[in-house]
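Beneath this line is the structure, given in structure tokens, with notes to follow.
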Amino acid sequence: MRAFTQLLILADGRFPSGGHAHSGGLEAAVHHKRVRDLADLEAFLRGRLRTAGLVGAAFAAAACARPSTMAELEDELDARTPSPAQRLAARRQGRSLIRAAQVVWPGEHVARAARTKVSQPIALGVVADAADVTPGEAALLSAYHSISGPASAAVRLLGFDPYRVHGLLAALGDDCDQVAREATAYIRGPAADLPAASAPLLDISAEDHAAWEVRLFAS
1 MRAFTQLLIL
11 ADGRFPSGGH
21 AHSGGLEAAV
31 HHKRVRDLAD
41 LEAFLRGRLR
51 TAGLVGAAFA
61 AAACARPSTM
71 AELEDELDAR
81 TPSPAQRLAA
91 RRQGRSLIRA
101 AQVVWPGEHV
111 ARAARTKVSQ
121 PIALGVVADA
131 ADVTPGEAAL
141 LSAYHSISGP
151 ASAAVRLLGF
161 DPYRVHGLLA
171 ALGDDCDQVA
181 REATAYIRGP
191 AADLPAASAP
201 LLDISAEDHA
211 AWEVRLFAS
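Below you can see the structure in the form of structure tokens.
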């Protein structure tokens, strides 16, 4: 039962990993009127899940399965992240997650991740391994985080009914499970073969968003 409890802690939005400060690109999408209602939000979340969500889930699963290769994984993730703003945001979230893990699940790989400043998906995998969470569960956590963060941001940015937003998250549950299964299938191969699904508009929006003088979220 211990691993299941750790899984719940890592999935909890109240865990102090810094995710609440990031909208996953939603703030820029709202600003440019690409997300205006719940139907738009659903389309945004589905697209993010199948691109950035799949990549993040695969790297989280791989880092959980083989945390000693975190430096190689970081290089491969960098190659899949063309936006400097996205890379910076991912490393800031990774730093926050590792900082919390140093207290909750201290260990050799967590300490090494703190020194090497890994990005959020890889940090999640390293922490999941320290918490006795499986690679498949790490992938599911990452996939869920890729949509739950923007969904929560939508409540703040657009004043959506939180009940309906969480209903939308529940409706995306099967998609989240499928992405996690797809991501986990890559863990036994070389890091270079991990998914490279791209979302150019997210990259462009991240660079635009980083230049704003006033913003509610860090990304």
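Residue numbering for the sequence shown is 1 to 219, as defined by this note's numbering. Positions of the beta carbon are idealized from the N, C-alpha and C atoms, including for glycine.
Gln-86 to Thr-116 span [Cα, whole Å]: 18 angstroms
Which of helix, strand or coil DSSP assigns to Ala-28: helix
For Ala-123, does the three-state DSSP call read helix, strand or coil? helix
May I ask you to report which of helix, strand or coil DSSP gives Ser-152? helix
Residue burial classification, Pro-121 (beta-carbon count within 10 angstroms, cutoff 16): So Pro-121 ends up on the buried side.
Going along the chain, which residues of its own chain have a beta-carbon closer than 8 angstroms to the beta-carbon of Arg-156, five neighbours each way excluded? Excluding residues up to 5 positions away in sequence, Leu-216 lie with their Cβ nearer than 8 angstroms to the Cβ of Arg-156 in the same chain.
How do the region 161 to 170 and the region 200 to 210 stand: do at least 3 beta-carbon pairs fall below 8 angstroms, yes or no? no
Thr-69 in three-state terms, based on DSSP: Three-state DSSP puts Thr-69 in a helix.
Look at the alpha carbon of Leu-49 and the alpha carbon of Ala-58, and state the distance between them as a whole number of angstroms. The straight-line gap from Cα to Cα measures roughly 12 angstroms.
Under the assumption that Ala-199 contacts Gly-47 (Cβ atoms under 8 angstroms), give the Cβ distance between them as a whole number of angstroms. With a Cβ gap of about 7 angstroms, Ala-199 and Gly-47 count as contacting.
For Leu-10, which of Asp-129, Leu-88, Ala-39, Ala-183 has the nearest alpha-carbon? Asp-129
If you reduce the DSSP assignment to three classes, tell me which class Met-1 lands in. Low local confidence applies: a pLDDT of 49 at Met-1 is under 50, so the model's placement there is unreliable, with the coordinate-based value given in what follows. Here Met-1 sits in coil by DSSP.
Which listed residue (Leu-141, Gln-178, Leu-201) has its alpha carbon closest to that of Gln-6: Leu-141
CB-CB under 6 angstroms to Ser-17, same chain, minus the five flanking residues each way: which ones, in chain order? Ser-96, Leu-97, Ala-100
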